[in-house]
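To get our numbering, take the position in the sequence shown, counting from 1, and add 135.
Report on the structure given below.
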Amino acid sequence: MPVMTMMIMMIVMMMMTMMMLLLMMMMVVMIVMMVMMMMIMMLILVVLMMASADNDDDDDDDDDDDDDDHDDDDHDDDDDDDVRNPLQC
136 MPVMTMMIMM IVMMMMTMMM LLLMMMMVVM IVMMVMMMMI MMLILVVLMM
186 ASADNDDDDD DDDDDDDDDH DDDDHDDDDD DDVRNPLQC
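In structure tokens, the structure reads:
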């Protein structure tokens, strides 16, 4: 009979230790998940900040493109002059 009680006590202790280990693992996993979520949020914020900065740069590029368009218009005027010269001759 004492042997049976010892076996039961061993089984109960093993179950308790396993449950404690599982709880500890769950706590570790939860902490890791929280850290990952914080990192992902920080990355998203950084990407949004970079995207807003890139948009500002794009606006500047668009202004440069407008200037290029004006230059193209000037070149077109020169082409028109070239076309008129043979007609005048």
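Note that the Cβ used here is the ideal one computed from N, Cα and C, for glycine as well.
- Item | C-alpha gap between Met159 and Ile179, whole angstroms | Position 24 of the sequence shown, counting from 1, holds the residue named residue 159. Position 44 of the sequence shown, counting from 1, holds the residue named residue 179. Whole-angstrom Cα-Cα distance: 30 Å.
- Message: Between which residues of its own chain and Ile166 is the CB-CB distance below 6 Å, once the five residues before and five after are set aside?
- Response: Here residue 166 refers to the residue found at position 31 when the sequence shown is read from its first residue. None.
- Message: Please report the distance separating the alpha-carbon of Ala188 from that of Met174.
- Response: Against the sequence shown, residue 188 aligns to sequence position 53. Against the sequence shown, residue 174 aligns to sequence position 39. Each residue's Cα considered, the two are about 21 Å apart.
- If you draw a straight line from the C-alpha of Met134 to the C-alpha of Met185, how long is it? As shown, the chain starts at 136 and ends at 224. That puts residue 134 outside it, with no answer to give.
- Query: Would you report the Cα separation of Thr152 and Met162, rounded to the nearest angstrom?
  - Reply: The sequence position of residue 152 within the sequence shown is 17, counting from 1. The sequence position of residue 162 within the sequence shown is 27, counting from 1. For Thr152 and Met162, the distance between alpha carbons rounds to 15 Å.
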